[in-house]
Amino acid sequence: MDNLEGGLERLIQCLKAEGIHDQRVLTAMEHVQRDQFVPESLRGVAYENMPLSIGNDQTISQPYVVAYMTAALLPPRGKLRRVLEIGTGSGYQAAVLAKLSDEVYTIERIRDLYEQAKNRLSELGISNVHVRYDDGAHGWAEHAPYDGIIVTAAAGQIPKILLQQLAPQGRLVAPLGGSDMQYIERWRKHEGKWESERLLPVRFVPLRTGMDDVQTRY
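When we follow our numbering, the leftmost residue of the sequence shown carries the number 1, and every step to the right adds one.
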């Protein structure tokens, strides 16, 4: 445990050195144990600043990318009321968002990951994250509008239905692009029109539609 705690402390220092300065994000990540969200065989490297496999051809994102996307999603001050996440994965990003939001709604299309994440979050006592097994490209209309929407897989374009579920002053953060080039973009509405900012080059698994083993790229 001492080694893991030391790893978390080093990770936070690494994030600061990499340019993450939003204290809200740093504090949230300091209070979420990443080793609880990776396979037991990888817990020894849980606090390295790199993505790790979680099975089903999916990964838990690099901590820097989690921190960066979280900071991009947050308003200048305060916290978010309601957030939608597309792609629960291990549940790590949702657990970080839970520290910064009143309610987090997260959707996973792979049943194994959905069940693991739901059980893990429950065991950790994270009660303000609501997990759904569904096709995330359709969003979660019942709880819209959302102050923030975060997509953790890369699409060629933002599904319009997600933009429709965003609150007027909300932000959507997502990686966009194909296998050769992807960028994190942030979408906001300004004077009635959608505007996007290209923020950071990244590499994510592709956003897919359907459930479980359906391999159709959005």
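Don't be surprised by glycine CBs; every beta carbon is placed ideally from N, CA and C.
Secondary structure of Thr-216, DSSP reduced to three states: The predicted model places Thr-216 with a pLDDT of 34, which falls under 50 and marks its position as unreliable, so this point remains unresolved.
Please name the residue in Glu-9, Asp-212, Leu-4 whose C-alpha comes closest to that of Leu-113. Comparing Cα-Cα distances from Leu-113 to each of Glu-9, Asp-212, Leu-4, the minimum goes to Asp-212.
Nearest residue (CA-CA) to Gly-136, options Arg-188, Gln-116, Gln-165, Ser-196: Here the closest residue by C-alpha is Gln-165.
If I follow the unbroken alpha helix (DSSP H) through Ile-126, where does it start and stop? Run containing Ile-126: none; DSSP gives neither H nor E here.
Segment contact, 8 Å Cβ cut-off, at least three pairs: the region 29–36 with the region 91–104: Three or more pairs of CB atoms, one per stretch, sit closer than 8 Å, so the region 29–36 contacts the region 91–104.
Which same chain residues end up closer than 6 Å to Asp-147 when comparing Cβ atoms and leaving out the 5 residues on each side of it in sequence? The beta carbon of Asp-147 lies closer than 6 Å to those of Leu-80, Arg-81, Arg-82, Ala-167, Gly-170 in the same chain, with the five residues before and after it left out.
Nearest CA to the CA of Ser-179: which residue from Arg-77, Ala-144, Ala-154, Glu-195? Comparing Cα positions, the closest option is Ala-154.
Along the chain, which unbroken stretches of the beta strand (DSSP E) at least 3 residues long are found entirely within the region 63–87? Correct list: 80–86.
Start-to-end residues for the alpha helix (DSSP H) that takes in Leu-97: Taken as a continuous stretch (DSSP letters only), the alpha helix (DSSP H) holding Leu-97 covers 92–98.
Would Ala-67 pass as a contact of Leu-15 if the rule is Cβ separation under 8 Å? Yes, Cβ-Cβ distance for Ala-67 and Leu-15 is below 8 Å.
Just to confirm, is the Cβ distance from Val-131 to Met-29 under 8 Å? Against a cut-off of 8 Å, the Cβ pair of Met-29 and Val-131 comes out as no contact.
Take every Cβ of the region 202–212, pair it with every Cβ of the region 108–123, and state whether three or more of those distances are shorter than 8 Å. Touching, per the Cβ criterion.
Proximity to Asn-56 [Cα-Cα], best of Asp-102, Arg-24, Gly-87, Gln-157: Out of Asp-102, Arg-24, Gly-87, Gln-157, the CA that lies nearest to the CA of Asn-56 is found in Gly-87.
May I ask you to report which of helix, strand or coil DSSP gives Ser-179? Correct three-state label for Ser-179: coil.
Beta-carbon separation of Ile-149 and Leu-162 under 8 Å? The answer is yes: Cβ separation under 8 Å.
Just verifying my parser: in three-state terms, what is the DSSP assignment at Leu-207? Assignment of Leu-207 by DSSP, reduced to helix, strand and coil, places it in the coil class.
Tyr-133 in three-state terms, based on DSSP: Correct three-state label for Tyr-133: strand.
Alpha carbons only, please: which of Leu-124, Pro-63, His-143 is nearest the one belonging to Asp-102? If we check each option's Cα against that of Asp-102, His-143 comes out closest.
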